[in-house]
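Here the structure is laid out as structure tokens; the discussion comes afterwards.
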Amino acid sequence: MNASNSIKVTNTIDQSVPPSLRVDDAPRETSERNLISDFAGPIVVFAIFIGVWYLLSTKLLPPQKRFLLPTPHRVVQEGFLTWSVGEQRGLKPILRSLWDSIKIAVIGLFITILIGTTLATLMATRRWMERATWPYLVALQSAPILAMTPLIRALIDGIMLQRILVVVLIAFFPIVNNTLFGLLSVDKSQHELFTLHGASKLTRLRKLQFPAAMPNIFVGLRISAGLSVIGAVVGDFYFRQGGVVGIGAQIDIYRGRLWGAELIAAIILASVFGLVVFILFGLLSKVAIGKWHTTTRGR
Amino acid sequence: MAGALGFNNVGMTFPDGTKALGGVSFDINLGEFVTVVGPSGCGKSTLLRIASNLETETEGKCEIDRNSIGYVFQDATLLPWRNVRKNIEIIAELHGIEKSQRTKLAQDAIDLVGLTGFEDKYPRQLSGGMRMRASLARSLVMKPRVFLFDEPFGALDEITRERLNDELLRLFQIEGFAGLFITHSIAEAVYMSTKVLVMSARPGQIVGSFDIPFSYPRAHSLRYEPKFAEICGEVSLALRGALV
Numbered sequence: 004m005n006a007s008n009s010i011k012v013t014n015t016i017d018q019s020v021p022p023s024l025r026v027d028d029a030p031r032e033t034s035e036r037n038l039i040s041d042f043a044g045p046i047v048v049f050a051i052f053i054g055v056w057y058l059l060s061t062k063l064l065p066p067q068k069r070f071l072l073p074t075p076h077r078v079v080q081e082g083f084l085t086w087s088v089g090e091q092r093g094l095k096p097i098l099r100s101l102w103d104s105i106k107i108a109v110i111g112l113f114i115t116i117l118i119g120t121t122l123a124t125l126m127a128t129r130r131w132m133e134r135a136t137w138p139y140l141v142a143l144q145s146a147p148i149l150a151m152t153p154l155i156r157a158l159i160d161g162i163m164l165q166r167i168l169v170v171v172l173i174a175f176f177p178i179v180n181n182t183l184f185g186l187l188s189v190d191k192s193q194h195e196l197f198t199l200h201g202a203s204k205l206t207r208l209r210k211l212q213f214p215a216a217m218p219n220i221f222v223g224l225r226i227s228a229g230l231s232v233i234g235a236v237v238g239d240f241y242f243r244q245g246g247v248v249g250i251g252a253q254i255d256i257y258r259g260r261l262w263g264a265e266l267i268a269a270i271i272l273a274s275v276f277g278l279v280v281f282i283l284f285g286l287l288s289k290v291a292i293g294k295w296h297t298t299t300r301g302r
Numbered sequence: 227m228a229g230a231l232g233f234n235n236v237g238m239t240f241p242d243g244t245k246a247l248g249g250v251s252f253d254i255n256l257g258e259f260v261t262v263v264g265p266s267g268c269g270k271s272t273l274l275r276i277a278s279n280l281e282t283e284t285e286g287k288c289e290i291d292r293n294s295i296g297y298v299f300q301d302a303t304l305l306p307w308r309n310v311r312k313n314i315e316i317i318a319e320l321h322g323i324e325k326s327q328r329t330k331l332a333q334d335a336i337d338l339v340g341l342t343g344f345e346d347k348y349p350r351q352l353s354g355g356m357r358m359r360a361s362l363a364r365s366l367v368m369k370p371r372v373f374l375f376d377e378p379f380g381a382l383d384e385i386t387r388e389r390l391n392d393e394l395l396r397l398f399q400i401e402g403f404a405g406l407f408i409t410h411s412i413a414e415a416v417y418m419s420t421k422v423l424v425m426s427a428r429p430g431q432i433v434g435s436f437d438i439p440f441s442y443p444r445a446h447s448l449r450y451e452p453k454f455a456e457i458c459g460e461v462s463l464a465l466r467g468a469l470v
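Protein chains in written order, with our numbering: chain Z, 4 to 302; chain G, 227 to 470.
In structure tokens form, the structure reads like this:
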């Protein structure tokens, strides 16, 4: 079962008994065992989390600071069960601003994937491209993007575009890095098979490198998708105007007005969004490569 | 060209100065199965890489019909994202053969190696022996005149290995290609071949040549006949000489 620990398992020859036997048996065995750990684990952690939360908001925090962390039932009551009070309070404004951020994250992610995979492909096929861009990609990854907000504002018109750019800048590196790594780590003898039969560069890319890179590409996608959510939410703090606000801006408003229940409800929903994106890309990867790639099993 | 494959005083020196091969000469005709045995790192694989044009010889000349080569790697090198059928179609695909014809060619090859019924399985669902069968089928699709084998069964257990030896000999009899086979196993070499060549340590040179007198088809029991043991002994002796 150590197969799930390594990405390159698929290339090794297994000389032992027909793996088909294990392939048939393994999922059944793990699914039974996982039934307990899959559900019991998260439930226990959730219970502890709620318990600590109650303890904090009713006992541990000094009374004058308890407004910062309302009890869980107040958060549910005021943040989730109240539809709308005035312009800003209740579930409706939270969902409205969340939807706004979702759009930004999705558009940003889409652009990231498009540019990122294209760049990675160029880097994989032309060494000078890799040499020329790699150091700057690494620099970009560690650059404090949010400190550049004045520059972004000065260079680009329109709040939508500015927010999308922040998403792209934050989510860019993992998709390039993982795609490039995948494209370049194809087995040598598989490359030779293609060389022997006169495959062109394009054929090699289409029929060998890209399929082989898919597991890595999906890892990159998953990381970038998570970052795009962070990028969208954090970008909201810096780019907003009038009626257009994302969930980050909404959170900032609650923070400023000391509306604890709404603040926490909004934070929870933003996290749930991130979680949904993570699960979604996990499923996508399972559908796309689960048939032949073992490490996606069980996620 | 004398045969389907001809090595004419072929030498190979790598850019780093390593002399892998020195003055290797032999021919293989259609219907001949030649096996090269030699110590590790003696340049056996380099021989195949030159024949298949993956490397270019630095001395002498290797003559071969480059359009009709089958190459079987040490490991099966199947593409894990393709099922058996699609894996076996890949070479035909790379040669631009149209879909309906290559499906037919692939099916013929699948039936020939005994993988019928496993067409839709993925490589990770197959045993090592079955993967190697798929790899053989993949090379068979284009009906190559020259077949190069780079220790294809080295990673398999003895029983699977012997069974695949028989399978391969059966294919050899049907197709009548010229075979060049690399192995570490003397018994495998003698069992399979019309001729066994012994190679010396680096730089690799042919230091012994043994014509194997047994006719095909060869039975498994051949391995236990005195004559077989005798030839194995001679090859082994030559191999020991090559090591000094």
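Cβ coordinates follow ideal geometry from the N, Cα and C atoms, glycine included. Please read these numbers as outputs of a predicted model, since none were measured by experiment.
Those residues which DSSP pairs with residue i across a bridge
i: Cys288(G); result: Phe233(G)
i: Asp253(G); result: Gly232(G)
i: Phe375(G); result: Val298(G) and Phe407(G)
i: Val262(G); result: Ile408(G) and Leu423(G)
i: Gly430(G); result: Leu247(G)
i: Arg92(Z); result: Val88(Z)
i: Met238(G); result: Leu247(G)
i: Gln193(Z); result: Answer is none; Gln193(Z) lacks a bridge partner.
i: Phe83(Z); result: Paired residue(s): none; Phe83(Z) is not in a bridge.
i: Asp437(G); result: Lys421(G)
Cα-Cα separation, residue i to residue j
i: Ala146(Z); j: Val236(Z); result: 18 angstroms
i: Leu64(Z); j: His296(Z); result: 49 angstroms
i: Val47(Z); j: Gln244(Z); result: 42 angstroms
i: Ile295(G); j: Gly243(G); result: 29 angstroms
i: Phe213(Z); j: Val179(Z); result: 13 angstroms
i: Glu319(G); j: Arg328(G); result: 7 angstroms
i: Pro443(G); j: Gln399(G); result: 8 angstroms
i: His321(G); j: Met163(Z); result: 49 angstroms
i: Leu117(Z); j: Ala174(Z); result: 12 angstroms
i: Asn255(G); j: Leu274(G); result: 16 angstroms
i: Pro96(Z); j: Glu90(Z); result: 7 angstroms
i: Phe42(Z); j: Arg69(Z); result: 32 angstroms
i: Leu357(G); j: Asn219(Z); result: Per the sequence presented here, residue 357(G) reads as Arg, with Leu not at that position. In a straight line, the C-alpha of Arg357(G) is about 24 angstroms away from that of Asn219(Z).
i: Met217(Z); j: Val461(G); result: 48 angstroms
i: Gly111(Z); j: Ile226(Z); result: 14 angstroms
i: Leu395(G); j: Met418(G); result: 7 angstroms
i: Thr261(G); j: Arg209(Z); result: 36 angstroms
i: Phe197(Z); j: Glu456(G); result: 42 angstroms
i: Arg207(Z); j: Val171(Z); result: 29 angstroms
i: Gly467(G); j: Ser251(G); result: 19 angstroms
i: Leu211(Z); j: Ile323(G); result: 18 angstroms
i: Leu463(G); j: Leu448(G); result: 20 angstroms
i: Gly82(Z); j: Val280(Z); result: 22 angstroms
i: Pro370(G); j: Leu390(G); result: 19 angstroms
i: Ser288(Z); j: Arg260(Z); result: 42 angstroms
Same chain only: Cβ atoms within 7 angstroms of residue i, ignoring 5 sequence neighbours per side
i: Tyr257(Z); result: Glu265, Leu266 and Ala269
i: Arg25(Z); result: Low per-residue confidence applies at Arg25(Z): pLDDT is 39, beneath 50, and the placement is therefore not dependable, though the value from the model is reported in the following sentence. Nothing meets the Cβ criterion.
i: Gly472(G); result: Given a span of 227 to 470 for chain G in the structure shown, any question on residue 472(G) remains unanswerable.
Contacting residues, own chain, Cβ-Cβ under 8 angstroms from residue i (five flanking each side not counted)
i: Asn313(G); result: Leu304, Leu305, Pro349, Ala360 and Arg364
i: Asp346(G); result: Asn309, Val310 and Arg311
i: Asp437(G); result: Thr420 and Lys421
i: Gly340(G); result: Arg359 and Glu393
i: Phe52(Z); result: none
Cut-off 6 angstroms between Cβ atoms - residues of its own chain near residue i, not counting five sequence neighbours on either side
i: Thr152(Z); result: Tyr241
i: Ala335(G); result: Ile314, Ala363, Leu366 and Val367
i: Phe375(G); result: Val298 and Phe407
i: Gly93(Z); result: Thr85, Trp86 and Ser87
i: Thr386(G); result: Gly355
Nearest candidate by alpha-carbon position, reference residue i, set the options
i: Ala381(G); options: Phe403(G), Phe344(G) and Asp301(G); result: Asp301(G)
i: Thr115(Z); options: Asp103(Z), Val169(Z), Glu81(Z) and Leu278(Z); result: Val169(Z)
i: Asn235(G); options: Asn279(G), Gly249(G), Gln431(G) and Lys245(G); result: Gly249(G)
i: Ile167(Z); options: Gly263(Z), Ile250(Z), Ala108(Z) and Pro138(Z); result: Ala108(Z)
i: Ser266(G); options: Ser447(G), Ile290(G) and His410(G); result: His410(G)
i: Gly237(G); options: Ala468(G), Gly430(G), Lys369(G) and Lys453(G); result: Gly430(G)
i: Val78(Z); options: Ser104(Z), Pro45(Z) and Tyr57(Z); result: Tyr57(Z)
i: Val189(Z); options: Pro241(G), Tyr450(G) and Trp307(G); result: Trp307(G)
i: Leu465(G); options: Arg371(G), Lys453(G) and Ile412(G); result: Ile412(G)
i: Phe454(G); options: Cys268(G), Gly269(G), Ala415(G) and Met425(G); result: Ala415(G)
Whole-Å CB distance - residue i paired with residue j, under 8 angstroms assumed
i: Thr182(Z); j: Gly223(Z); result: 6 angstroms
i: Thr272(G); j: Leu247(G); result: 6 angstroms
i: Phe184(Z); j: Leu143(Z); result: About 17 angstroms; that fails the 8 angstroms criterion.
i: Leu98(Z); j: Gly263(Z); result: Between Gly263(Z) and Leu98(Z) the Cβ distance is about 19 angstroms, and since that is not below 8 angstroms, they are no contact.
i: Thr124(Z); j: Leu186(Z); result: 7 angstroms
Residue i beta carbon near the ligand HEM (any heavy atom closer than 6 angstroms)
i: Gln431(G); result: Although the ligand HEM was asked about, the structure shown includes no ligands whatsoever.
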